[in-house]
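Everything below concerns the one structure shown next.
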Amino acid sequence: METLIINVLLVMMAVTVAVLARVRNLFSVIVLASVYSFLMATVLVALDAVDVAMTEAAVGAGISTVLLLGALSLCKGEEAKPLHRPWLPLALAVTCAGLLTYGAMGLPPFSDPQAPIHTHVAPTYLKEAVVKTSVPNVVTAVLASYRSFDTLGETIVVFTAGAGVVALLRRRRRPQRQEERS
Amino acid sequence: MKHDLVLRVVAKLFLPFILLFALYVQFHGDFGPGGGFQAGVMAAAAVMFYALIYGLPEARRVVPERIVEAMMALGVLLYLAVGIAGLVLGGNFLDYFVLAQDSVQGQHRGILWVEAGVAITVSGVMLKIFYMFTDRGQADE
Chain Z
1 METLIINVLL
11 VMMAVTVAVL
21 ARVRNLFSVI
31 VLASVYSFLM
41 ATVLVALDAV
51 DVAMTEAAVG
61 AGISTVLLLG
71 ALSLCKGEEA
81 KPLHRPWLPL
91 ALAVTCAGLL
101 TYGAMGLPPF
111 SDPQAPIHTH
121 VAPTYLKEAV
131 VKTSVPNVVT
141 AVLASYRSFD
151 TLGETIVVFT
161 AGAGVVALLR
171 RRRRPQRQEE
181 RS
Chain F
1001 MKHDLVLRVV
1011 AKLFLPFILL
1021 FALYVQFHGD
1031 FGPGGGFQAG
1041 VMAAAAVMFY
1051 ALIYGLPEAR
1061 RVVPERIVEA
1071 MMALGVLLYL
1081 AVGIAGLVLG
1091 GNFLDYFVLA
1101 QDSVQGQHRG
1111 ILWVEAGVAI
1121 TVSGVMLKIF
1131 YMFTDRGQAD
1141 E
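Structure below.
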């Protein structure tokens, strides 16, 4: 049953992407991207990755949609026709997809308990996290305690992104001298 | 959308629940899904919602730009402060075990403050980006 639901959702995502590639109206593109994010979030819920699903729904479907709509209000609503036929990008994308699919075929089967990732540190985390931190949600324990260096780096990345946007978009008053010259 | 009565009333009804849910996600992250990142995004989304319905100047009055900018840096500094507190109390950088007498209690304290730092920075950055984008559009019109 779960496999069926996930497959249906994946088919819907594929359809969304196909429509996304065809549509030229940018407003529809943004809404479709948001639909894609919501479908992705639902797939993640079905895979029992609720933390990731919540982030996907809040960031992918929520914030980025609002930001893209804000950006859309700054430009025209229709995508311009490309000047060249996009054969080279298409070939590149197909090659990458092929390589990724080939690589994915070598992965252990989905949710195989003997897969390398489940036999390395994961059992230690699952056994020790509740005892050492008394935090029942192991995801939170791993993120904020075991991997707190990682999370610190992520927070600094978010800060840097914000600082970059501020540096690019802040309107500063022109220095007096420049105006006198011109 | 400033003059739509239905939207204005519904927004006022919704806002407390969105903010409450953000706080729930923040402080219940130990037990259920969620944590600082998601909570920060939700709190920022609540203010964006308010700005969309009531207009940007109104939202700027409620959450001034100065506070948003301070939040961006404050969260990272809070996170670093937790790390340095571990150093000062005789452990390693970001070592939570030394933050309280009981090591489990210390872990709890460390996770709480670290998640608070993440939430503050994330909501600050998201709001700032939103403010900058929307502001630019309005000035050009």
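Chain order of the listed sequences is Z and F. Under this note's numbering, think of the first position of the first sequence as 1, with each following residue one higher. Under this note's numbering, think of the first position of the second sequence as 1001, with each following residue one higher. Even glycine gets a Cβ: it sits at the ideal position worked out from N, Cα and C. A quick note: this is a predicted structure, and the numbers were derived from the prediction, not measured.
Checklist entry - What separation, rounded to the nearest whole angstrom, lies between the Cα atoms of Z:Val221 and F:Gln1107? => result Nothing can be reported for residue 221 of chain Z, as the shown portion of chain Z is limited to 1 through 182.
Query raised in the report: Excluding the five sequence neighbours on either side, which residues of its own chain have a C-beta within less than 6 Å of the C-beta of F:Ile1018, listed in chain order?
Result: Ala1046
Q: Return the first residue and the last residue of the alpha helix (DSSP H) that Z:Tyr146 is part of.
A: Neither: Z:Tyr146 is in no alpha helix (DSSP H) and is coded neither H nor E.
task: Enumerate in chain order the residues of its own chain whose CB-to-CB distance from F:Thr1134 is below 8 Å, with the five nearest sequence positions on each side excluded.
output: Ala1051 and Leu1056
Query raised in the report: Nearest CA to the CA of F:Gln1105: which residue from Z:Thr133, Z:Val11, Z:Ala97 and Z:Phe27?
Result: Z:Thr133
When burial is assigned at 16 or more other CB atoms within 10 Å of the CB, is F:Asp1095 buried or exposed?
buried
request  = Quick one: using the 10 Å Cβ neighbour count with 16 as the cut-off for buried, is Z:Tyr102 buried or exposed?
outcome  = exposed
Can you tell which of Z:Thr42, Z:Ala57, Z:Val11 and Z:Ala167 has the C-alpha that lies nearest to the C-alpha of F:Val1041? Z:Ala57
Item checked: Contacts around F:Ser1192, its chain only, beta-carbon distance under 6 Å, and the 5 residues preceding and following it disregarded -> Only positions 1001 to 1141 of chain F appear in the structure, and residue 1192 of chain F is not among them; the question remains open.
Exercise. Examine the Cβ distances between the segment 49-65 of chain Z and the segment 145-155 of chain Z and report whether three or more of them are shorter than 8 Å.
Key: no
Practice task
Starting from F:Asp1004, find everything on chain Z with Cβ-Cβ shorter than 7 Å and list it in chain order.
Solution key: Going along chain Z, no residue has its Cβ under 7 Å from F:Asp1004, so there is no contact; the nearest lies around 17 Å.
*According to the neighbour-count rule (16 or more other Cβ atoms, all chains shown, within 10 Å of its Cβ), is Z:Ser145 buried or exposed?*
buried
Limits of the alpha helix (DSSP H) - the one that Z:Met13 falls within
Glu2 to Arg22
| request: Provide the residue(s) that pair with Z:Asn25 in DSSP beta bridges, ordered along the chain. | output: Z:Glu78
Margin query: Could you check whether the Cβ of F:Tyr1050 sits closer than 8 Å to any Cβ belonging to chain Z?
Written below: no
- prompt: Thinking just about the alpha-carbon of each residue, which of Z:Ala91, Z:Ser34, Z:Val23 and Z:Ala163 is nearest to the one in F:Met1071?
  reply: Z:Ala163
Under 8 Å between C-beta atoms of Z:Val35 and Z:Thr55: no
Compute the Euclidean distance between the alpha carbons of Z:Met40 and F:Gly1032, then round it to the nearest angstrom. 20 Å
Given a limit of 7 Å on CB to CB distance, which residues of the segment 128-145 of chain Z reach chain F? Lys132, Thr133, Ser134, Val135, Pro136, Asn137, Thr140, Leu143, Ala144 and Ser145
Requested in this report: Pick out the complete beta strand (DSSP E) segments inside the segment 28-92 of chain Z, 3 residues or longer, and give them in chain order.
Outcome: none
Quiz item: Can you find at least 3 beta carbon pairs, one from the segment 81-99 of chain Z and one from the segment 1062-1079 of chain F, that sit closer than 8 Å?
Solution: no
message: Can you confirm whether Z:Gly162, when its beta carbon is compared against all beta carbons of chain F, has any partner nearer than 8 Å?
response: yes
Is there a C-beta anywhere in chain F that falls below 8 Å from the one on Z:Met54?
yes
* To do: Please state if the CB of F:Met1132 and the CB of Z:Val166 are separated by a distance shorter than 8 Å.
  => yes
CA nearest to the CA of Z:Val157, picked from F:Val1118, F:Phe1130 and F:Asp1030
F:Val1118
Requested in this report: May I have the straight-line CA-CA distance separating Z:Leu4 from F:Arg1136, to the nearest angstrom?
Outcome: 46 Å
Any chain Z beta carbon closer than 8 Å to F:Gly1090: no
Contact check, F:Leu1087 vs F:Phe1093, beta carbons under 8 Å
yes
(message) Rounded to whole angstroms, what is the Cα-Cα separation between F:Ala1085 and F:Val1114?
(response) 12 Å
Check your understanding: Quick one: is Z:Ser148 near chain F, going by C-beta distance under 8 Å?
Key -> yes
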